[in-house]
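The next block holds one structure in the form of structure tokens; read it before the comments.
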Amino acid sequence: MTERLQNIARKIGGPLYSNRRLIEYYWQRTQRNKLAVLGLSFIAFLILLALIGPFFTLDPTLVNFEENNLPPVGFATEESVYNIYTDEFTTTEISGTWKHPLGTDSKGRDMLAMIISGARISLQVGLIATGIAITLGTIIGVLSAYLGGWADNILMRFTDVMMTFPFFLLLVLIVFIFGPSLALIVLVIGITGWTGTARLLRSEALSLRTRDFVTAAKALGASDGRVIFGHLIPNVASLIIVIATLSIPGVILAEAALSFIGLGDPTTTSWGIILNSGQQSLDTAWWIAVEPGIMLFLTVLAFNFLGDGLRDAFDPKSNI
Amino acid sequence: MNNTILGVSHLKTYFFTRRGVVKAVDGIDFELKRGECLCLVGESGCGKTVTALSILGLIDSPPGRIIDGEVRYNNLDLVKCSPKQLRRIRGKEIAIIFQDAQSALNPVFTIGDQIVEQIRLHLGMKYTEARDKAMTLLKEMGIPSVERAMSYYPHQLSGGMKQRAMIAMSLSCDPQVLIADEPTTAVDVTIKAQILDIFHELKAKRQMSLIFITHDLGVVAEIGDRAVVIYGGKVVEMAPVSKIIGNPKHPYTAGLIDCLPDISKTTDRLASIPGTTPNPIELPQGCPFHPRCHKAMEICSQQQPPEVRISEGHEVSCHLYQ
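Protein sequence lines correspond, in order, to chains A and B.
Read left to right, the first sequence gives residues 1 to 320 (the numbering used here).
Read left to right, the second sequence gives residues 321 to 642 (the numbering used here).
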């Protein structure tokens, strides 16, 4: 078992360690795309924020009605209070305080803490659901190409059916039946989102499987599983990395959209949930909806920029 | 007796395509004796490679299928073996070397990793043991600075080096039979000489039984013990190499020998066999060679020629010798 683990570690870590030159080469090519570097920095910042941020912020679930609807630092709003003794409206100006740098929501919860805990959830959703989708897509796509014939036909027609199926409707249906739970949402996004990956990898693997090294591997006694996992999939690894990077934002947006229409997991503070709670008070407390919106916008943009950069860097035919 | 290690009889491998049935191998018989080097000779598309792939059951199906015949190895019929049995034989008992080492090596793994994988798969060695064995093999193949070569990817090696790495990989499990599919075709003459030296050594040191596929009669004369000449998916002549070169009986073999340029004569044009290899979908009736044969008789286009024994170990399929 340890021997096996060591072997896997060697297969993955070995090339990274022994091939610093190649890694450097790819890094240099990626660096030439300034937007990709910007995207990568933002993602790194976000991951750091999600990992250690919650230790430094207030409790995102702490409700405090004394300090509700506080604007962010540097902004001020007016609040009218009706005074029953003078029968007058007194208008007081409320400005943001450093205790709540990004303000508070209608229940007095700290927006900064909520945004950071939302980052954690959105990244989790993005990474786990993409992980499930990419794994399924890779196996189905490469298997389909490798087996060929009727197996290929069945798998690809199944993929077509899955592609045409309105998965958002399925998501709504499942959430309606089983109740909103983040794990369920992630799972459903994962097991419905593999179709594009399968298609792309199938076409790539089709050209690989007729190459001599596949016949050579078989001639030296490799089993079908070894050919698929040991020879075909490593050859499409760069494509898998690019597809994964580019499909993370879609997944994050899907979760946000679901939360926005009120089908998100109410026990979490994902960006979509905050967005949803802020939409009613857009005229009085705009920051509640705008802040998670900006974060979503930047995150999606960052992943897309990085994916584009990686695609160009991994493509030996592109001149950058 | 029984010094035959691999026997191929009545082997027929057809490809069922949309345009018709391609009879790539149409009834081939030969026997490989222990420790000998048997050459399969023929033009492009005559079925040499398909024969080699059929022996190991590597024909892509569909469209290909072994229709008939058997491949005997150690009381086993490889045609009827289960995939699992075949996998244990491939690489460990019978290994194959491909023509183009560049495409036969996986581009994303180092040479070392690929040889080690092969050794571990069949011999169940630990990584470090397998690594040592791989390095010894590469050293034997005459690769300099083995330690570094192990960490090279295929594209970082020259053609000759890649071919040697391929041979090292094939030999890593000490196979009984080694099939070499045109190992000298894609390399230049100096490398060719070096690779032939390696094969000479294999024969001398390891008593390896070799099937050497080539279209180069010079290579056959250099390395072969016996030769099987194939035309249109059929064996036309089988004899010891000295007889094939010195006293060819079949008009096709004779034609091939005539095509070799002779350095002692000056000629304007090199000799050639008129016409091209027949379309394997519509092989000619009778003897497949008769449309190009200058000695063709009426019977040649009607009946398949029988196998005729000229002398001990020299058989020819031609109506001329009946």
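Each residue gets a CB set at the ideal place from its N, CA and C atoms; glycine is no exception.
>> Please report the straight-line C-alpha distance between B/Leu401 and B/Gly367, rounded to a whole angstrom.
In response: Translated into the one-based positions of the second sequence, residue 401 of chain B becomes position 81. Translated into the one-based positions of the second sequence, residue 367 of chain B becomes position 47. The question names Leu, yet the displayed sequence has Cys at residue 401 of chain B. Their backbone Cα atoms lie some 22 Å apart in a straight line.
>> Please list, in chain order, the chain A residues whose beta carbon lies closer than 7 Å to that of B/Arg451.
In response: To locate residue 451 of chain B, count along the second sequence from 1; it is residue 131. Those within 7 Å of B/Arg451 in chain A number zero; the least Cβ separation is about 11 Å.
>> Looking at chain A, is there any beta carbon in it that lies within less than 8 Å of the beta carbon of B/Arg385?
In response: As a working note, residue 385 of chain B is residue 65 in the second sequence. B/Arg385 does not count as touching chain A.
> Are there three or more Cβ pairs, one per stretch, closer than 8 Å when the region 188 to 202 of chain A is compared with the region 453 to 468 of chain B?
Replying inline: No: fewer than three Cβ pairs fall under 8 Å.
> Using a C-beta cutoff of 8 Å, does A/Pro234 count as contacting chain B?
Replying inline: The count along the first sequence starts at 1 and reaches residue 234 of chain A at position 234. When Cβ-Cβ separations below 8 Å define contact, A/Pro234 makes contact with chain B.
> Alpha carbon to alpha carbon, how far is B/Gln624 from A/Met156?
Replying inline: Sequence index remark: in the second sequence, residue 624 of chain B carries index 304 (1-based). Sequence index remark: in the first sequence, residue 156 of chain A carries index 156 (1-based). Spanning the two alpha carbons is a distance of roughly 47 Å.
> Using CA coordinates, which residue listed in B/Leu457, B/Ile414, B/His442, B/Arg410 is at the minimum distance from B/Ile431?
Replying inline: Reading the second sequence from its first residue, position 111 is the one you call residue 431 of chain B. Among B/Leu457, B/Ile414, B/His442, B/Arg410, the Cα nearest to that of B/Ile431 belongs to B/Leu457.
>> Which residue wins for smallest C-alpha separation from A/Asn68, given the options A/Ile288, A/Phe303, A/Leu306, A/Phe305?
In response: Numbered from 1 along the first sequence, position 68 holds the residue referred to as residue 68 of chain A. The shortest Cα separation from A/Asn68 among A/Ile288, A/Phe303, A/Leu306, A/Phe305 belongs to A/Ile288.
> Could one say the Cβ of A/His100 lies closer than 8 Å to chain B's Cβ atoms, at least one of them?
Replying inline: As a position in the first sequence, residue 100 of chain A is number 100, starting the count at 1. Among the CB atoms of chain B, none fall inside 8 Å of the CB of A/His100.
> Would you report the Cα separation of A/Leu301 and A/Gly39, rounded to the nearest angstrom?
Replying inline: The residue you call residue 301 of chain A lines up with position 301 of the first sequence. The residue you call residue 39 of chain A lines up with position 39 of the first sequence. Looking at the two C-alpha atoms, the distance is approximately 7 Å.
> When the cut-off is 8 Å and only beta carbons count, does B/Asn394 lie next to chain A?
Replying inline: Stepping through the second sequence from its first residue, residue 394 of chain B is reached at position 74. With respect to chain A, the C-beta atom of B/Asn394 has no partner C-beta closer than 8 Å.
> Expressed to the nearest angstrom, what Euclidean distance is found between the alpha-carbon atoms of B/Val328 and B/Gln622?
Replying inline: Taking the second sequence and counting its residues from 1, one reaches residue 328 of chain B at position 8. Taking the second sequence and counting its residues from 1, one reaches residue 622 of chain B at position 302. Looking at the two C-alpha atoms, the distance is approximately 27 Å.
> What is the DSSP secondary structure of B/Met321, reduced to helix, strand or coil?
Replying inline: For this step, residue 321 of chain B is matched to residue 1 along the second sequence. Bear in mind that a pLDDT of 44 at B/Met321, under 50, signals an unreliable position, so the number given afterwards is only what the model happens to contain. Correct three-state label for B/Met321: coil.
> Does the distance from the CB of A/Ser259 to the CB of A/Asn276 come in under 8 Å?
Replying inline: Within the first sequence, residue 259 of chain A is the residue found at index 259, counting from 1. Within the first sequence, residue 276 of chain A is the residue found at index 276, counting from 1. Going by C-beta atoms, A/Ser259 is nearer than 8 Å to A/Asn276.
> Taking all protein chains shown into account, do 16 or more other C-beta atoms lie within 10 angstroms of the C-beta of A/Val142, making it buried, or fewer, making it exposed?
Replying inline: Counted from its first residue, the first sequence places residue 142 of chain A at position 142. A/Val142 comes out buried.
> So, does the CB of B/Met321 fall closer than 8 Å to a CB anywhere in chain A?
Replying inline: In the second sequence, residue 321 of chain B corresponds to position 1, counting from 1. Because the pLDDT at B/Met321 is just 44, under 50, the model does not fix this residue reliably, and the value given afterwards should be weighed accordingly. No, B/Met321 does not count as interfacial toward chain A.
> Are the region 363 to 377 of chain B and the region 538 to 547 of chain B in contact at 8 Å, needing three or more beta carbon pairs?
Replying inline: No, the region 363 to 377 of chain B is not in contact with the region 538 to 547 of chain B.
> Between which two residues does the beta strand (DSSP E) containing B/Arg392 stretch?
Replying inline: Position 72 of the second sequence, counted from the start, is the residue given in the question as residue 392 of chain B. Residues 384 to 393.
> Expressed to the nearest angstrom, what Euclidean distance is found between the alpha-carbon atoms of B/Tyr473 and B/Ala500?
Replying inline: Taking the second sequence and counting its residues from 1, the one referred to as residue 473 of chain B is at position 153. Taking the second sequence and counting its residues from 1, the one referred to as residue 500 of chain B is at position 180. Rounded to whole angstroms, B/Tyr473 and B/Ala500 show a C-alpha spacing of 23 Å.
> Beta carbon of A/Ile47: closer than 7 Å to some heavy atom of the ligand SAH?
Replying inline: The ligand content of the structure shown is nil, which means the ligand SAH is not present either.
> Can you find at least 3 beta carbon pairs, one from the region 17 to 33 of chain A and one from the region 54 to 65 of chain A, that sit closer than 8 Å?
Replying inline: Between the region 17 to 33 of chain A and the region 54 to 65 of chain A, the count of C-beta pairs closer than 8 Å stays below three; the two stretches do not touch.
>> With a threshold of 8 Å between beta carbons, is B/Leu425 in contact with chain A?
In response: Translated into positions along the second sequence, residue 425 of chain B becomes position 105. At least one chain A Cβ lies under 8 Å of B/Leu425.
> Do you know offhand how far A/Leu46's Cα is from A/Ile294's?
Replying inline: On the first sequence, residue 46 of chain A is found 46 positions in, with the first residue counted as 1. On the first sequence, residue 294 of chain A is found 294 positions in, with the first residue counted as 1. Rounded to the nearest angstrom, the two C-alpha atoms are 13 Å apart.
> Residues of chain B with CB under 8 Å from A/Thr407, in chain order?
Replying inline: Any question about residue 407 of chain A goes unanswered here, given that chain A covers just 1 to 320.
>> Tell me the rounded alpha-carbon separation between B/Ala424 and A/Ala205.
In response: Translated into positions along the second sequence, residue 424 of chain B becomes position 104. Translated into positions along the first sequence, residue 205 of chain A becomes position 205. Rounded to the nearest angstrom, the two C-alpha atoms are 16 Å apart.
> Just the Cα atoms here: how many angstroms apart are B/Met321 and B/Ile375?
Replying inline: Taking the first residue of the second sequence as position 1, residue 321 of chain B is located at position 1. Taking the first residue of the second sequence as position 1, residue 375 of chain B is located at position 55. Model confidence at B/Met321 stands at a pLDDT of 44, short of 50, so the residue's coordinates are unreliable and nothing is read from them.
>> Does chain A have any CB closer than 8 Å to the CB of B/Gln438?
In response: As a position in the second sequence, residue 438 of chain B is number 118, starting the count at 1. B/Gln438 counts as touching chain A.
>> So, at 7 Å on beta carbons, what are the nonlocal neighbours of B/Ile577 in its own chain, with the 5 sequence-adjacent residues on each side left out?
In response: Within the second sequence, numbered from 1, the residue matching residue 577 of chain B stands at position 257. Leu537, Ile565, Pro568.
>> With a threshold of 8 Å between beta-carbons, can B/Ala415 be considered close to chain E, or not?
In response: Of the chains in the structure shown, none is chain E; the protein chains are A and B.
> Given that B/Lys643 touches chain A, what residues does it touch there, using C-beta distances under 9 Å?
Replying inline: As shown, chain B starts at 321 and ends at 642. That puts residue 643 of chain B outside it, with no answer to give.
> Tell me which same chain residues have a C-beta within less than 6 Å of the C-beta of B/Pro581, skipping the five on either side of it?
Replying inline: Here residue 581 of chain B is taken as the residue at index 261 of the second sequence, counted from 1. Closer than 6 Å at Cβ, skipping near neighbours: Leu590.
> Looking at the structure shown, is B/Cys357 part of a helix, part of a strand, or coil, going by DSSP?
Replying inline: The sequence position of residue 357 of chain B within the second sequence is 37, counting from 1. Three-state result, B/Cys357: strand.
>> Helix, strand or coil, according to DSSP, for B/Glu502 in the structure here?
In response: Indexing the second sequence from 1 puts residue 502 of chain B at position 182. Coil, per DSSP.
> Under a Cβ-count criterion, where at least 16 other Cβ atoms within 10 Å of its own Cβ denotes burial, should A/Trp322 be classed as buried or exposed?
Replying inline: Residue 322 of chain A falls outside the range modelled here, since chain A spans only 1 to 320, and no answer is possible.
>> Just to confirm the assignment, what range does the beta strand (DSSP E) spanning B/Ala547 have?
In response: Numbered from its first residue, the second sequence carries residue 547 of chain B at position 227. For B/Ala547, the uninterrupted beta strand (DSSP E) run begins and ends at 546 to 551, by DSSP.
>> In the DSSP assignment, the alpha helix (DSSP H) including B/Pro560 goes from what residue to what residue?
In response: Numbered from its first residue, the second sequence carries residue 560 of chain B at position 240. Per DSSP, B/Pro560 is not a residue of any alpha helix (DSSP H); the beta strand (DSSP E) it occupies stretches across 554 to 560.
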